[in-house]
Amino acid sequence: MREFAAPLTVEVPRTGNLTDDVVRNADQAPDAVALRRRPGKDVGEGAGDGNSAEWVDVTARTFLDEVRAVAKGMVAAGVLAGDRVALLSRTRYEWTLVDYAIWFAGAVTVPIYETSSAEQVEWILRDSGAVAIVAEKPVHTARVAAVRSGLHDLRHVWSLEDNAVDVLSRLGGDIADDELEARRTAATPLDLATLIYTSGTTGRPKGCMLTHGNFMFELGVAVPELHELFSPAGAAPAPDGAMAGTDGEGAATLLFLPLAHVFARIIQVGCIKARVPLGHSSDIKTLTADLASFRPTFVLGVPRVFEKVFTTASQRATADGRGALFDRATDVAITRSRAQDAPAGPLRRRLLGAPAAAAVRAQHAAFSRMVYGRLRDAFGGRCRYAISGGAPLGDRLAHFYRGVGLTVLEGYGLTETTAALTVNLPDAIKIGTVGRPLPGTTVRVDDDGELLFRGGQVFAGYWGDEAATAEALDREGWFRSGDLGEVDDEGYVRVTGRKKEILVTAGGKNVAPAVLEDRVRAHPLVSQCLVVGDGQPFIAALVTLDEESVAQWASSHGRSGHQARVADLAKDPALLAEIQAAVDEANAAVSKAESIRKFVVLPHDWTEEGGQLTPSLKLKRNVVLREARAEIAALYLS
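If you read the sequence shown in the working numbering, its first letter stands for residue 2, the second for the next number, and so on.
This is the structure we're talking about:
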């Protein structure tokens with residue numbers, strides 16, 4: 002059993018909670034820029050036309066005042082300490098504002114993806130016992146209204162587009178400062194900060210209980226380790242670990258991933274802690290313009306983002322007749338990056354030695370002006386680092402981006418671990434790995450190859466589910482990740498596979514296939530369904546037909562002879578429409594990002610005799626994936 006422990010290098014606070022960062026910032030640097038926003042353009046059309054003047058600074062003092070006002074409204078509405086308050090919205094300024102206001106009121110934030118179906122919204126609100134929800138748009142409040150009859154704990158529904166911030170601020174006008182301060186300061190590191198629901202193998206999302214202490218530990222070690230990202234040039238750490246105030250040319254980041262995901266959430270809290278100006282972009286259609294005007298120094302994304310930027314640049318170059326030039330620039334960038342990692346010996350001499358090194362340097366300088374600069378401009382022009390998680394980026398793309406001047410730092414973590422457990426650092430990168438454990442974190446490879454972790458960022462358990470908690474956490478505090486991996490002699494972790502059947506798309510979305518497979522399989526024409534999409538841009542499915550049901554369908558639809566054979570019916574438009582209806586029914590239970598976009602009906606069924614089913618008729622997923630490689634690849638070709 003291999004194990005690697007990273008010693009704790011900082012003192013993690015044993016008192017206080019996450020709201021202390023907001024109060025401290027306003028006290029120590031009231032005029033420092035805490036966030037930047039676009040008033041009136043966080044919702045609706047027209048945001049992100051590239052005019053940098055649209056971004057309005059929100060100072061630390063202003064942010065504190067706004068958070069307090071909204072929190073008082075929640076207290077006046079009857080939200081009690083420890084109550085759960087849901088937040089259903091796209092990534093925008095008000096998301097961060099309301100999140101901290103919930104904490105100031107002593108309550109617990111329950112994020113919900115804005116793409117979640119009504120069925121998912123109902124489950125999360127009911128399971129968490131949420132007493133209130135702040136939703137963004139009419140489409141979101143409509144989902145809540147559709148299921149509200151069964152939500153006996155839910156007392157308030159506030160809408161951001163219906164002036165929820167102003168409504169709550171006016172409502173709390175009579176709440177005394179001392180009353181709110183008593184609420185704010187009551188929470189300790191042991192108290193629950195948020196319930197983040199994540200997919201489980203049963204298909205029912207489970208609420209991960211993350212405490213204030215989980216966040217404080219994670220950021221207490223991550224911010225100093227990633228000081229190149231979180232501190233502006235020349236800024237020194239403040240005594241309590243926060244960074245000195247920044248000016249307009251200092252560090253800054255623009256969030257565009259969903260804040261309902263722990264990955265974006267930890268960066269939000271980290272920026273508030275480190276006094277790094279934070280912006281929000283909620284519309285993928287305006288992201289390019291938002292990046293250009295905001296000009297972040299680092300971003301976080303999932304592999305799909307970086308793949309899309311590269312593919313778009315390559316396609317444009319080809320369309321302009323510069324495809325060969327772009328390909329050569331790509332090779333030079335990768336060669337330059339690989340040379341940095343090459344060990345001493347013939348390979349290093351070949352990559353770095355003259356005259357090859359001189360030639361690569363000259364070409365790199367030329368391509369920097371003609372090609373690389375445009376790619377850097379796609380991220381705003383000032384961006385030097387990116388953090389990637391959710392799925393593997395791939396060695397080639399990682400080397401490419403480092404070669405053009407944008408170093409992508411891959412890390413590994415889960416909702417249950419308050420985001421990162423391991424991460425590559427600017428001065429300690431091993432491409433192809435997810436980095437080394439953060440200080441105070443230990444990784445162990447179990448006898449079956451599963452990665453186990455222990456550290457202060459590991460969650461407290463699943464809300465109301467002792468059995469699932471016991472399965473994930475042992476008595477010594479080891480968390481079973483469900484992933485298979487390796488740890489090298491330097492402590493770098495490499496993830497090699499997934500033990501549990503959870504798919505992670507290229508966009509970083511965790512998808513439990515069971516809920517989709519079960520619903521598709523419920524259709525009378527369907528025998529088996531296998532959902533795929535691990536590391537792919539979307540979810541797809543393989544479907545097999547029930548021979549008896551298909552025979553009846555063929556008879557009633559006038560199919561005879563060869564037209565009635567399963568192999569031929571697998572391409573019959575009328576039958577495919579029936580299967581599409583089954584897929585649509587399954588998709589109604591999940592968000593758009595989890596839904597089946599494409600499917601293929603196979604000309605044969607999976608059987609025990611064929612080796613695809615166990616004696617208890619359970620699907621052997623690995624066998625099917627191996628046998629259906631060509632069909633799966635075809636689903637993603639177009």
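Cβ atoms here follow ideal geometry from the backbone N, Cα and C, with glycine treated the same way.
Local conformation of residue i per DSSP, three classes
{"i": "V435", "result": "coil"}
{"i": "W96", "result": "helix"}
{"i": "Y101", "result": "helix"}
{"i": "Y198", "result": "strand"}
{"i": "P112", "result": "strand"}
{"i": "I430", "result": "coil"}
{"i": "M2", "result": "coil"}
{"i": "E609", "result": "coil"}
{"i": "V444", "result": "strand"}
{"i": "G395", "result": "coil"}
{"i": "S160", "result": "strand"}
{"i": "T247", "result": "Bear in mind that the predicted position of T247 carries a pLDDT of just 38, short of 50, making it unreliable; the figure below should be weighed with that in mind. In this structure, T247 counts as coil in the three-state DSSP scheme."}
{"i": "A635", "result": "helix"}
{"i": "V584", "result": "helix"}
{"i": "V11", "result": "coil"}
{"i": "I125", "result": "helix"}
{"i": "K599", "result": "strand"}
{"i": "L81", "result": "coil"}
{"i": "A106", "result": "coil"}
{"i": "G49", "result": "Below a pLDDT of 50, predicted positions are generally treated as unreliable, and G49, at 39, falls in that range; the measurement from the model is reported next regardless. Reduced to three states, the DSSP call for G49 is coil."}
{"i": "F257", "result": "coil"}
{"i": "T319", "result": "helix"}
{"i": "V361", "result": "helix"}
Beta-bridge pairing of residue i - partner residues as DSSP gives them
{"i": "S283", "result": "Paired residue(s): none; S283 is not in a bridge."}
{"i": "N511", "result": "V505"}
{"i": "E411", "result": "S389"}
{"i": "M217", "result": "None; M217 has no bridge partner."}
{"i": "E451", "result": "L485"}
{"i": "C530", "result": "V544"}
{"i": "Y463", "result": "C209"}
{"i": "T60", "result": "V34"}
{"i": "G498", "result": "L485"}
{"i": "G302", "result": "S389"}
{"i": "F480", "result": "F454 and L474"}
Cβ distance (whole Å) where residue i is taken to contact residue j below 8 Å
{"i": "T419", "j": "L211", "result": "5 Å"}
{"i": "R156", "j": "A133", "result": "6 Å"}
{"i": "A187", "j": "A82", "result": "6 Å"}
{"i": "G214", "j": "W56", "result": "Going by Cβ atoms, the distance from G214 to W56 rounds to 34 Å, so no, they are not a contact pair."}
{"i": "V99", "j": "V135", "result": "5 Å"}
{"i": "V222", "j": "P440", "result": "4 Å"}
CA nearest to the CA of residue i, picked from the options
{"i": "E610", "options": "F600, L603, V624 and V601", "result": "V624"}
{"i": "E180", "options": "R375, D573 and G74", "result": "G74"}
{"i": "A1", "options": "V34, D569, A582 and A146", "result": "Lying outside 2 to 639, the shown extent of the chain, residue 1 is not represented and no answer is given."}
{"i": "I597", "options": "V168, P427, A27 and A583", "result": "A583"}
{"i": "S282", "options": "A555, R38 and G17", "result": "R38"}
{"i": "A70", "options": "W554, Y101, Y198 and R149", "result": "Y101"}
{"i": "T199", "options": "V24, T189, V111 and L65", "result": "V111"}
{"i": "V270", "options": "V306, M217, T313 and R296", "result": "M217"}
{"i": "A541", "options": "Q316, I633 and E491", "result": "I633"}
{"i": "W607", "options": "R622, A108 and K593", "result": "R622"}
{"i": "R370", "options": "A399, G406, L398 and C384", "result": "G406"}
{"i": "A146", "options": "D163, S129, V122 and L169", "result": "V122"}
{"i": "K413", "options": "A555, L172 and R495", "result": "In the sequence on display, residue 413 carries Tyr and not Lys. Minimum Cα distance to Y413 is reached at R495."}
{"i": "L36", "options": "I268, E229, A108 and P538", "result": "I268"}
{"i": "P31", "options": "V76, A61, A265 and D22", "result": "A61"}
{"i": "L452", "options": "G534, I113, D192 and F480", "result": "F480"}
{"i": "R522", "options": "D448, E579, A334 and G483", "result": "E579"}
{"i": "A575", "options": "A587, V602, E586 and E549", "result": "V602"}
{"i": "C272", "options": "V224, S389, E229 and D291", "result": "V224"}
{"i": "A473", "options": "G465, G483 and W464", "result": "G483"}
{"i": "L65", "options": "G79, A78 and I103", "result": "I103"}
{"i": "G537", "options": "N26, A7, D466 and P393", "result": "One detail in the question is off: residue 537 reads as Gln in this sequence, not Gly. When only C-alpha atoms are compared, the closest one is P393."}
{"i": "A165", "options": "D378, F460, A78 and Q341", "result": "A78"}
{"i": "L398", "options": "V333, T442, D378 and D447", "result": "V333"}
Beta carbon proximity, residue i to chain B, threshold 9 Å
{"i": "G483", "result": "Annotation note: the requested chain B is absent from the structure, which comprises a single protein chain."}
heavy atom of the ligand COA below 8 Å from residue i C-beta
{"i": "L543", "result": "In the structure shown, the ligand COA is absent, as is every other ligand, since no ligand is present at all."}
*asked:* Tell me whether the stretch 90–102 and the stretch 258–275 touch, counting them as touching only if at least three CB pairs, one residue from each stretch, are closer than 8 Å.
replied: Counting Cβ pairs under 8 Å, three or more are found: they touch.
*Count the C-beta pairs between the stretch 362–375 and the stretch 288–302 that are closer than 8 Å, then say yes if the count reaches three, no if not.*
Short answer: they don't touch.
*asked:* Below 8 Å, how does it come out for the stretch 447–458 and the stretch 411–426: are there three or more Cβ pairs, yes or no?
replied: Put simply, the stretch 447–458 touches the stretch 411–426. At least three CB pairs are less than 8 Å apart.
*So does the stretch 518–531 actually touch the stretch 500–509, counting three or more Cβ pairs closer than 8 Å?*
Short answer: they don't touch.
*Per the contact definition of three or more C-beta pairs closer than 8 Å, is the stretch 576–595 in contact with the stretch 509–516?*
The stretch 509–516 is in contact with the stretch 576–595.
*Three or more beta-carbon pairs under 8 Å between the stretch 171–179 and the stretch 4–17, yes or no?*
Fewer than three beta-carbon pairs drawn from the stretch 171–179 and the stretch 4–17 are found closer than 8 Å, and the two stretches are therefore not classed as touching.
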